[in-house]
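Colleague: Pasting a structure here, questions to come.
Protein chains in written order, with the numbering used here: chain A, 18 to 469; chain B, 18 to 469.
Structure below.
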């Protein structure tokens with residue numbers, strides 16, 4: 018069993034960390050999809066409140082967390098850091114393993130950290146409703162929870178395949194008072210167009226984003242919220258790493274490896290960016306590893322080029338590692354990691370050599386997650402099974418070399434909504450998917466939309 | 018949103034509380050089902066390790082929690098106490114509402130508190146396997162988790178209706194390495210007998226208990242574990258109330274009302290028994306209220322008489338409020354509250370006038386639970402919706418009378434496994450069931466098995 022490292026509530030971080038001003042070269046600009054010129058705040062105003070737009074382009078290193086947001090955070094934060102004694106005994110060898118646990122939030126994952134912040138800033142701007150998309154449902158549930166805290170309406174477009182496979186997410190979103198639609202839906206122009214061309218489609222995150230963006234763009238009292246990818250979303254998640262830094266200091270540890278799973282990149286960035294800062298400042302020198310599913314390997318197998326965040330090509334163009342905005346990933350259980358691209362900041366750090374990436378198959382990640390659950394007690398969410406597996410691989414390497422490595426990973430959520438995946442695993446029915454096989458997206462066979 | 022009261026880990030209680038020596042009159046003895054004479058430790062030895070048998074009949078007021086058990090508890094304990102600011106604002110009026118939250122355990126409910134203790138004592142006694150029953154699945158999951166911590170095998174008999182309705186519990190138990198069977202099964206004599214007489218039965222908790230007891234009785238290396246009802250189980254849960262006492266003292270509060278939902282009685286007793294002690298000692302005078310479902314109202318509508326704990330009449334006879342060991346409750350969603358009897362100690366306290374009881378319908382408890390979720394953020398388990406509803410009723414009474422009541426209730430688990438019930442509620446499809454209608458158990462129409 019693990020030992021818990023508790024950060025006193027009085028030491029709840031007061032600021033989020035913005036990595037942009039600390040980077041040796043600035044990230045490439047975000048471009049307007051029509052003009053291919055850098056977007057300004059006004060271009061984003063139909064979708065986001067000005068507070069969040071300013072955070073998106075901020076050059077401040079630390080941004081104060083409003084007291085109203087901290088009041089909600091205190092419901093479950095500071096979250097625990099665990100020393101994984103059980104896992105260490107199982108693996109053997111000299112590695113010391115720690116994990117930050119975000120499953121203690123009311124919705125069971127780290128998504129609540131940015132949902133609360135986004136709902137707060139929208140409420141303060143006088144917005145009445147937020148529209149969003151959700152893949153496996155974590156983000157939609159988190160935003161519905163957050164909207165209920167600040168008296169906002171919430172409308173969620175959920176990828177149809179997941180909507181049908183995971184009915185409990187609908188129940189959760191509706192219990193919080195939110196509305197939910199299977200995407201593609203007949204509510205939007207883009208949804209109707211997709212359904213006309215492919216009536217049997219089971220949808221994709223890219224399509225759902227297009228629908229939610231359209232709803233916000235067409236309604237003055239409605240804004241849009243994204244659960245990952247954007248700079249301000251990643252920044253809100255840095256509270257995870259800020260707490261972890263303080264907690265490791267409490268037990269006099271400095272990490273040699275910092276690990277997070279990466280779909281859009283927000284939980285990975287949330288844990289790791291504060292450690293990148295310390296690394297850039299010469300205070301420590303951890304390897305920092307993003308782990309993605311082998312079935313949607315944007316960082317390890319994608320191209321670093323300008324691409325759309327959505328399938329409908331409504332969003333601005335961002336430079337990122339991408340498999341193509343029209344890539345449809347195979348149906349792995351880690352729905353939160355089924356995205357064609359990667360957060361531009363995470364991609365930029367990869368290009369700068371500040372972080373590494375690895376890709377794992379789900380049969381391996383679930384096999385190791387079950388080992389983890391039996392010794393540590395917590396059943397992990399489908400996404401962080403990837404982080405756990407990589408941490409175990411690193412600890413096994415340390416066992417071979419005899420090095421006393423300190424390994425830190427982010428256990429970004431519990432698996433109580435992922436039991437169908439665990440049943441498939443224990444029944445021996447879990448399947449792996451090889452990328453690319455015949456799955457290279459059409460858009461990737463063309464010349465890049467924007468040069469450079 | 019709520020404010021959290023955190024008990025420092027160093028103040029994790031070192032002892033469980035045994036209420037028996039503090040009672041003005043001793044509880045009636047447990048009787049052998051054949052001889053109708055009081056059972057002795059030897060009668061129980063085929064089923065339980067001696068440490069637990071001694072706890073069952075202990076006259077010690079405080080029983081030390083072994084360090085090995087505390088080590089596991091520290092994974093999630095001390096659990097938070099919340100001030101329900103959001104709920105108070107919603108209701109209005111002068112009541113201050115607090116809730117203890119047990120959903121932070123790895124399995125999401127209070128059941129882990131006794132599962133860990135029982136697994137530990139069995140492992141120490143050299144037992145290889147534990148058999149048990151489970152209704153909705155909370156207890157089976159908790160015991161599978163606990164067995165994994167101490168290297169024991171775990172075999173769970175799950176009521177067939179729930180086994181089919183809640184496949185995720187099977188996945189959870191198997192992920193922890195446990196085995197699970199739908200009950201009645203063909204594994205046991207009693208199961209085969211039931212299936213012969215009623216091949217289409219969907220089972221009951223009483224039947225599942227009979228099967229699990231039989232497995233333990235027939236195998237020397239296998240013991241049985243019960244998730245509620247027995248004295249030692251209730252005692253293990255008192256860590257909830259011991260923590261809550263200390264947490265309320267930290268904020269200078271003394272409760273006027275203490276509330277828990279009650280099926281077998283363990284989470285209710287766990288929170289309330291330490292407060293009963295303080296009440297008997299004249300240090301406070303709270304009303305203490307057990308809330309049960311109107312569809313299985315043992316405390317409010319049952320008879321106080323000797324009865325069997327199981328349907329197969331294999332267990333000892335205990336004096337309790339019972340609806341009859343052959344009572345088959347209607348299919349309410351709070352599976353953990355569908356039991357024909359009540360813990361003998363809780364029943365005894367009710368007879369002594371130390372506690373009260375109330376019964377509520379599930380449409381009311383879920384309506385109030387959804388209101389709670391929207392303002393407090395946590396989606397409650399189906400069982401503690403009853404405690405929440407009663408707490409809200411008490412706060413509304415305080416609003417009418419203007420009294421500054423302090424209300425404490427036990428939020429014994431999260432509802433992430435109960436989303437089908439919430440979907441039924443939001444869709445307006447939740448149904449209430451009237452007791453007794455035609456449901457009086459045959460056994461209750463007969464004269465009591467044992468007089469007095």
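Where is the CB? At the ideal position from N, CA and C, for every residue including glycine.
Residues of the region 384 to 403 of chain A in Cβ contact with chain B at a cutoff of 9 Å, in chain order, please.
Modeller: Flagged, chain order: 386, 387, 390, 391, 392, 393, 394, 395, 396.
Colleague: Using CA coordinates, which residue listed in A/179, A/95, A/284 is at the minimum distance from residue 222 of chain A?
Modeller: Of the candidates A/179, A/95, A/284, the one whose C-alpha sits nearest the C-alpha of residue 222 of chain A is A/179.
Colleague: Return the Cβ separation of residue 337 of chain A and residue 358 of chain A in integer angstroms, given the expectation that the two are a contact with Cβ distance under 8 Å.
Modeller: The Cβ separation is near 5 Å, so the contact holds.
Colleague: Should residue 81 of chain B be labelled buried (16 or more other beta-carbon atoms within 10 Å of its own) or exposed?
Modeller: Label assigned to residue 81 of chain B: exposed.
Colleague: Within its chain, find whatever has a CB closer than 7 Å to the CB of residue 315 of chain B; leave out the 5 residues flanking it on each side and keep chain order.
Modeller: Excluding residues within five positions, the ones whose Cβ falls inside 7 Å are 309, 338, 339, 340, 357, 358, 359.
Colleague: By the DSSP assignment, the beta strand (DSSP E) with residue 327 of chain B in it spans what residues?
Modeller: Taken as a continuous stretch (DSSP letters only), residue 327 of chain B belongs to no beta strand (DSSP E), as it is neither H nor E.
Colleague: What's the call for residue 327 of chain A, buried or exposed, on a 16-neighbour Cβ count within 10 Å?
Modeller: So residue 327 of chain A ends up on the buried side.
Colleague: Less than 8 Å between the beta carbons of residue 346 of chain B and residue 303 of chain B, yes or no?
Modeller: Taking 8 Å as the Cβ cut-off, residue 346 of chain B and residue 303 of chain B do not qualify as a contacting pair.
Colleague: CA-CA distance, residue 106 of chain A and residue 91 of chain B?
Modeller: Each residue's Cα considered, the two are about 18 Å apart.
Colleague: Measuring CB to CB, does residue 371 of chain B end up less than 8 Å from residue 293 of chain B?
Modeller: Yes, the pair counts as a contact, with Cβ atoms nearer than the cut-off.
Colleague: With a threshold of 8 Å between beta-carbons, can residue 121 of chain B be considered close to chain A, or not?
Modeller: It does; some Cβ of chain A falls within 8 Å.
Colleague: If the cut-off is 7 Å on Cβ atoms, which residues from the region 71 to 94 of chain A count as contacting chain B, listed in chain order?
Modeller: Listed by position, the residues of the region 71 to 94 of chain A near chain B (Cβ gap below 7 Å) are 88, 89, 91, 92.
Colleague: Does the distance from the CB of residue 165 of chain B to the CB of residue 143 of chain B come in under 8 Å?
Modeller: Cβ atoms of residue 165 of chain B and residue 143 of chain B: not closer than 8 Å.
Colleague: Which residues in chain A sit within 7 Å of residue 434 of chain B, going by Cβ to Cβ distance?
Modeller: Chain A residues near residue 434 of chain B: 433.
Colleague: Which term fits residue 210 of chain B, buried or exposed, when burial requires 16 or more other beta carbons within 10 angstroms of its beta carbon?
Modeller: By the 10 Å Cβ count, residue 210 of chain B comes out exposed.
Colleague: In angstroms with no decimal places, state the Cα-to-Cα distance between residue 24 of chain B and residue 133 of chain B.
Modeller: About 21 Å.
Colleague: If you reduce the DSSP assignment to three classes, tell me which class residue 463 of chain B lands in.
Modeller: The answer is coil: DSSP assigns residue 463 of chain B none of H, G, I, E or B.
Colleague: Are there three or more Cβ pairs, one per stretch, closer than 8 Å when the region 160 to 177 of chain A is compared with the region 275 to 286 of chain A?
Modeller: No, they do not touch.
Colleague: Given this structure, state the Cα-to-Cα distance separating residue 392 of chain B from residue 435 of chain B, to the nearest angstrom.
Modeller: Cα to Cα, the separation comes out at about 19 Å.
Colleague: Can you pull the chain A residues whose beta carbon is under 9 Å from the beta carbon of residue 184 of chain B, in chain order?
Modeller: Neighbours of residue 184 of chain B on chain A, chain order: 436, 437, 440.
Colleague: So which residues of chain B does residue 116 of chain A contact, with C-beta pairs closer than 9 Å?
Modeller: Residues of chain B passing the Cβ test: none, with the nearest at roughly 12 Å.
Colleague: Pick out the complete beta strand (DSSP E) segments inside the region 290 to 363 of chain A, 3 residues or longer, and give them in chain order.
Modeller: Runs found: 304 to 310, 320 to 325, 334 to 339.
Colleague: Taking the continuous alpha helix (DSSP H) assigned at residue 384 of chain B, which residues delimit it?
Modeller: Unbroken alpha helix (DSSP H) run through residue 384 of chain B: 379 to 393.
Colleague: Quick one: what's got a C-beta closer than 6 Å to residue 403 of chain B's C-beta in the same chain, skipping five residues either side?
Modeller: Answer for residue 403 of chain B: 278, 308, 377, 382, listed in chain order.
Colleague: Please check if any C-beta of chain B sits within less than 8 Å of the C-beta of residue 26 of chain A.
Modeller: Yes - at least one Cβ of chain B is within 8 Å of the one on residue 26 of chain A.
Colleague: From this set, B/257, B/216, B/274, B/283, which residue's C-alpha is nearest residue 249 of chain B's C-alpha?
Modeller: Comparing Cα-Cα distances from residue 249 of chain B to each of B/257, B/216, B/274, B/283, the minimum goes to B/283.
Colleague: When the Cα atoms are used, what is the spatial distance from residue 161 of chain A to residue 67 of chain A?
Modeller: For residue 161 of chain A and residue 67 of chain A, the distance between alpha carbons rounds to 21 Å.
Colleague: Counting along the chain, where does the beta strand (DSSP E) carrying residue 418 of chain B start and finish?
Modeller: First-last for residue 418 of chain B: 402 to 418, but that is the alpha helix (DSSP H), not the beta strand (DSSP E).
Colleague: What does a CB cutoff of less than 7 Å around residue 343 of chain B pick up in its chain, not counting 5 residues either side in sequence?
Modeller: These residues qualify, in order along the chain: 328, 458, 459, 460.
Colleague: Could you tell me which whole alpha helix (DSSP H) segments of length 4 or greater appear in the region 201 to 283 of chain B?
Modeller: Counting whole runs of 4 or more residues, the region 201 to 283 of chain B contains the alpha helix (DSSP H) stretches 206 to 214, 222 to 235, 248 to 267.
Colleague: Considering only residues of the same chain and omitting the five flanking positions on each side of residue 77 of chain A, which have a CB-CB separation below 8 Å?
Modeller: The answer, listed in chain order, is 35, 38.
Colleague: Fully enclosed by the region 132 to 195 of chain B, which alpha helix (DSSP H) runs are 4 residues long or longer?
Modeller: Runs found: 155 to 166, 177 to 182, 184 to 192.
Colleague: Please tell me whether residue 173 of chain B has its Cβ less than 8 Å away from any Cβ of chain A.
Modeller: Answer no: the Cβ-Cβ gap between residue 173 of chain B and chain A never drops below 8 Å.
Colleague: With H, G and I counted as helix, E and B as strand and the rest as coil, what does DSSP make of residue 106 of chain A?
Modeller: Helix at residue 106 of chain A.
Colleague: Taking the beta strand (DSSP E) that residue 114 of chain B falls in, what are its first and last residues?
Modeller: 113 to 118 is the extent of the beta strand (DSSP E) around residue 114 of chain B.
Colleague: Strictly below 7 Å CB to CB, what residues from chain B border residue 429 of chain A?
Modeller: Chain B residues near residue 429 of chain A: none, gap ~16 Å exceeds 7 Å.
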